[in-house]
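Residue numbers (full-length UniProt numbering): 1 to 276.
The beta carbon of each residue, even a glycine, is placed where N, CA and C say it ideally should be.
Here's the structure we're looking at; comments come further down.
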């Protein structure tokens with residue numbers, strides 16, 4: 001009996017902590033976003049007396065010549081292109097590393113793990129982008145996001161590919177498939193679960209990134225959604241109702257992605273955990 005109480009008690013405690021850490025801040029943010037400026041400045045967890053949801057939404061949307069709309073377009077392009085490159089490139093790298101063992105594999109594995117451990121160097125990276133003529137360009141930031149996310153994606157794909165029998169590759173080669181056709185016709189369709197995981201995890205990460213656009217893509221015309229938070233706060237004053245409305249708007253897309261694809265994320269994370 002005590003063991004059952006202990007087990008259920010820990011479960012209830014975990015649910016309570018999760019609710020406090022994740023749900024309460026979301027509710028607080030939504031309540032502040034519905035208040036007028038004077039009431040929002042109190043930062044109280046209370047029901048608004050005067051609903052200003054529509055007015056706040058219109059003001060946030062039209063601020064600084066509809067900068068939020070431009071930011072959503074930039075963030076969408078950045079996310080879609082970066083994730084597409086990551087999925088294809090990481091899957092191909094993982095397939096080659098898993099199927100073609102050579103004396104270079106330990107070195108390559110070390111470099112991949114280094115990408116997860118070593119923090120990025122901002123100033124040298126800016127110098128490299130300036131030398132390539134890619135600083136302050138969306139293309140340069142796409143390359144940055146791909147470079148930062150490649151190691152994690154390769155490890156996920158490699159764990160899953162290790163569970164795919166090599167006999168499928170051999171049968172496809174006997175049927176006349178070349179390397180490119182073998183990968184895209186045989187191997188790539190089998191990676192559906194881990195592809196969904198990579199797409200969701202990396203999309204949320206890239207869409208929510210703050211420091212990379214701040215360092216490598218400055219300028220109002222290049223703003224991404226996270227940088228629009230500066231529109232409503234300054235050194236001396238902050239419009240909390242507009243700031244929290246802005247946060248609420250840029251939180252909705254990643255939140256819905258996690259809600260709809262949480263099962264696929266778990267399946268892709270655990271793929272290859274038993275075998276390989």
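Per DSSP, which residues does residue 238 bridge with? Please list them. 233
Report yes if the C-beta distance between residue 245 and residue 203 is below 9 Å; otherwise report no. no
Check this for me: beta carbons of residue 113 and residue 62, under 9 Å apart or not? no
Enumerate in chain order the residues of its own chain whose CB-to-CB distance from residue 157 is below 7 Å, with the five nearest sequence positions on each side excluded. 90, 91, 94, 191, 194
Measure how close the beta-carbons of residue 28 and residue 45 come, nearest whole angstrom, since I'm counting them as under 8 Å. 6 Å
According to DSSP, is residue 263 helix, strand or coil? helix
Could you check what DSSP says for residue 36 in three-state terms: helix, strand or coil? coil
Complete runs of the alpha helix (DSSP H) confined to the stretch 182 to 253 [at least 4 residues]: 192 to 207, 211 to 216
Limits of the unbroken alpha helix (DSSP H) element including residue 124: 122 to 132
Give me the residue from 31, 79, 132, 18 with the minimum Cα distance to residue 199. 79
For the candidate residues 38, 221, 168, whose alpha-carbon lies nearest to that of residue 136? 221
Within the same chain, show all residues whose beta-carbon is closer than 8 Å to that of residue 138, passing over the 5 residues directly before and after it, in chain order. 74, 77, 78, 217, 222
Return the CA-CA distance between residue 282 and residue 211, expressed in angstroms with no decimal places. For residue 282 there is no data in the structure shown, the boundaries of the chain being 1 and 276.
What are the boundary residues of the alpha helix (DSSP H) that includes residue 114? 105 to 117
From residue 82 to residue 146, what distance separates their C-alpha atoms? 6 Å
Residue 24 classed as buried or exposed, judged by whether at least 16 other C-beta atoms fall within 10 angstroms: exposed
Where residue 6 sits in the DSSP three-state scheme: Residue state, collapsed to three classes: helix.
What residue range does the alpha helix (DSSP H) around residue 77 cover? Its alpha helix (DSSP H) spans residues 53 to 99.
Write down the C-beta distance between residue 143 and residue 134 rounded to the nearest angstrom, noting that I regard them as a contact closer than 8 Å. 7 Å
For my contact list, residue 241 and residue 36 are in at a C-beta cut-off of 8 Å; report their separation, rounded to the angstrom. 6 Å
Reduced DSSP secondary structure (H/G/I, E/B, other) of residue 12: helix
Which residue wins for smallest C-alpha separation from residue 166, given the options 124, 186, 239? 186
Could you spell out where the alpha helix (DSSP H) holding residue 153 opens and where it closes? 138 to 161
Please look up how many angstroms separate the CB atoms of residue 120 and residue 160, rounded, as I've assumed it's under 8 Å. Their Cβ separation, rounded to whole angstroms, is 27 Å, which puts residue 120 and residue 160 out of contact at 8 Å.
Which of the three DSSP states, helix, strand or coil, is assigned to residue 170? helix
Can you tell me whether residue 18 is helix, strand or coil according to DSSP? The answer is helix: DSSP assigns residue 18 an H, G or I state.
Same chain, Cβ closer than 7 Å to residue 72, five either side skipped, listed in chain order: 225
Helix, strand or coil: how does DSSP classify residue 180 here? helix
Answer with buried or exposed for residue 98, where buried requires no fewer than 16 other C-beta atoms within 10 angstroms of its C-beta. buried
With distances taken from CA atoms, which of 32, 9, 68, 84 is nearest residue 206? Taking residue 206 as reference, the option from 32, 9, 68, 84 with the minimal CA-CA separation is 84.
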